[in-house]
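*Asks:* The structure under discussion is supplied below as structure tokens; questions concerning it will follow.
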Amino acid sequence: MNTHKWEWMKNPWKLGKYLFVFEIISKFIVMRVIKTCEFQLKLVVAKLESQILSNVMGVANTFLFLKGFHVSNEAVNCVNDRRYPNFPIPGVAGIVVSRSGILLLRRDKNPGKGLWTFPGGGVEVGETQKEALRREIKEEAGIDAEILDFFTTFDIIIEDGSGKVLYHFLLNHYFARALSEEVRPEFPDGEVNWFHLDSLPEDEMPSKVVGLLYEAEVQISQIIHEYFAQ
């Protein structure tokens, strides 16, 4: 048996040196693994946090409703809101066109309380963006709509008094044509109405929404001509 290559183990100094190097390398590897796992875990927790809260509050609110209890919007919003997000919140909005004009909503809750803007909202798990927008238009305005072409994306970023990001939405905007015009004048979070481009309530609209409508004027005219001219 060749024992020459194991001779170094009989030398305490050499053995100690190798053990020291092995210990340093092992600690480095372990620390790297821990740091990587910790970072990945933080990402997963941050991503799941808002969805878990939303699901829990949705189930709880439904249970209480079935039991005959009413949970106020204020109570729900204390837990299930979208303030101070860890990531931008994706959503959809619709430039809904009919013979009567452009469909706008005025919400009575933040963000954008009291301002006329587009129908839209968040995309639920398992939905496509177009499915989500159809659902939101139906829920908010009470009408069916055909979702047409994608138009643009922009961010809505609102800061609080200290400069921290209070809201951050990333909205994909689509054109849509209304399949009916009989919108309900009110919905649970505000009111609904049609407006022509020459009679927009610009003083009561976010500047981005006003700019977006004028930017889309050509496409809006094309939709009216194609679907509503006859």
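Numbering (our numbering), first residue to last: 1 to 230.
Cβ coordinates follow ideal geometry from the N, Cα and C atoms, glycine included.
Here the structure is a predicted model, which means the values were calculated and not measured.
Beta-carbon within less than 7 Å of residue 227's beta-carbon, same chain only, minus the 5 sequence neighbours each way: which residues are those?
*Replies:* Translated into positions along the sequence shown, residue 227 becomes position 227. These residues qualify, in order along the chain: 177.
*Asks:* Since residue 177 sits in a beta bridge, which residues does DSSP pair it with?
*Replies:* By 1-based counting over the sequence shown, the position of residue 177 is 177. Per DSSP, 97, 146.
*Asks:* Can you tell me whether DSSP reads residue 121 as helix, strand or coil?
*Replies:* Mapped onto the sequence shown, residue 121 falls at position 121. Correct three-state label for residue 121: strand.
*Asks:* Using CA coordinates, which residue listed in 151, 134, 168 is at the minimum distance from residue 159?
*Replies:* Start at 1 with the first residue of the sequence shown, and residue 159 comes out as number 159. The shortest Cα separation from residue 159 among 151, 134, 168 belongs to 168.
*Asks:* DSSP three-state call for residue 228: helix, strand or coil?
*Replies:* Residue mapping note: residue 228 aligns to position 228 of the sequence shown, counting from 1. If DSSP states are grouped into helix, strand and coil, residue 228 belongs with the helices.
*Asks:* Does DSSP classify residue 92 as helix, strand or coil?
*Replies:* Taking the sequence shown and counting its residues from 1, the one referred to as residue 92 is at position 92. Note: residue 92 maps to strand in three-state DSSP.
*Asks:* Is residue 154 near residue 133, with beta carbons less than 8 Å apart?
*Replies:* In the sequence shown, residue 154 corresponds to position 154, counting from 1. In the sequence shown, residue 133 corresponds to position 133, counting from 1. Going by C-beta atoms, residue 154 is not nearer than 8 Å to residue 133.
*Asks:* Between 128, 175, 93, which lies nearest to residue 218 when the distance is taken from Cα to Cα?
*Replies:* Here residue 218 refers to the residue found at position 218 when the sequence shown is read from its first residue. Selected option, being the one with the closest Cα: 175.
*Asks:* For residue 179, count the other beta carbons within 10 Å of its own beta carbon; 16 or more makes it buried, fewer makes it exposed. Which is it?
*Replies:* Stepping through the sequence shown from its first residue, residue 179 is reached at position 179. So residue 179 ends up on the exposed side.
*Asks:* So residue 140 packs on residue 187, CB below 8 Å; how close in whole Å?
*Replies:* Position 140 of the sequence shown, counting from 1, holds the residue named residue 140. Position 187 of the sequence shown, counting from 1, holds the residue named residue 187. Indeed they touch by this definition, with Cβ atoms about 5 Å apart.
*Asks:* With DSSP collapsed to three states, give me the class of residue 165.
*Replies:* Here residue 165 refers to the residue found at position 165 of the sequence shown. If DSSP states are grouped into helix, strand and coil, residue 165 belongs with the strands.
*Asks:* For residue 173, tell me which candidate among 181, 215, 199, 225 has the shortest Cα-Cα distance.
*Replies:* Here residue 173 is taken as the residue at index 173 of the sequence shown, counted from 1. Residue 173 has its Cα closest to that of 215, out of 181, 215, 199, 225.
*Asks:* Quick one, are the C-beta atoms of residue 94 and residue 121 less than 8 Å apart?
*Replies:* Indexing the sequence shown from 1 puts residue 94 at position 94. Indexing the sequence shown from 1 puts residue 121 at position 121. The answer is no: Cβ separation not under 8 Å.
*Asks:* Relative to the C-alpha of residue 86, which residue among 166, 107, 143 is closest?
*Replies:* On the sequence shown, residue 86 is found 86 positions in, with the first residue counted as 1. Checked all of 166, 107, 143; the closest Cα to residue 86 is 166.
*Asks:* Tell me whether residue 191 sits in a helix, a strand or coil according to DSSP, three-state version.
*Replies:* Here residue 191 is taken as the residue at index 191 of the sequence shown, counted from 1. In the structure shown, residue 191 sits in a strand (DSSP, three-state: E or B).
*Asks:* Who pairs with residue 154 in a beta bridge, going by DSSP?
*Replies:* Walking along the sequence shown from the start, residue 154 turns up at place 154. Its beta-bridge partners are 171.
*Asks:* Could you tell me which residues DSSP pairs with residue 133 in its beta bridges?
*Replies:* Here residue 133 refers to the residue found at position 133 when the sequence shown is read from its first residue. None, per the DSSP bridge assignment.
*Asks:* Look at the alpha carbon of residue 96 and the alpha carbon of residue 163, and state the distance between them as a whole number of angstroms.
*Replies:* What you label residue 96 is simply residue 96 of the sequence shown in a count that begins at 1. What you label residue 163 is simply residue 163 of the sequence shown in a count that begins at 1. Rounded to the nearest angstrom, the two C-alpha atoms are 34 Å apart.
*Asks:* Looking only at its own chain, which residues have a Cβ that is under 6 Å from the Cβ of residue 210, when we skip the five neighbours before and after it?
*Replies:* As a working note, residue 210 is residue 210 in the sequence shown. Counting only Cβ-Cβ distances below 6 Å, and skipping sequence neighbours, we find 202.
*Asks:* Going by beta-carbon coordinates alone, are residue 106 and residue 190 separated by less than 8 Å?
*Replies:* Locating residue 106 in the sequence shown gives position 106, counting from the first residue. Locating residue 190 in the sequence shown gives position 190, counting from the first residue. Cβ atoms of residue 106 and residue 190: closer than 8 Å.
*Asks:* With H, G and I counted as helix, E and B as strand and the rest as coil, what does DSSP make of residue 197?
*Replies:* Residue mapping note: residue 197 aligns to position 197 of the sequence shown, counting from 1. It is helical.
*Asks:* Mapping DSSP to helix, strand and coil, what is residue 105?
*Replies:* The residue you call residue 105 lines up with position 105 of the sequence shown. Looking at residue 105 - three-state DSSP - the assignment turns out to be strand.
*Asks:* State the Cα-Cα distance for the pair residue 212 and residue 221, rounded to the nearest angstrom.
*Replies:* For the purposes of this step, residue 212 is identified with residue 212 of the sequence shown, where counting begins at 1. For the purposes of this step, residue 221 is identified with residue 221 of the sequence shown, where counting begins at 1. When rounded, the distance between both Cα atoms is 14 Å.
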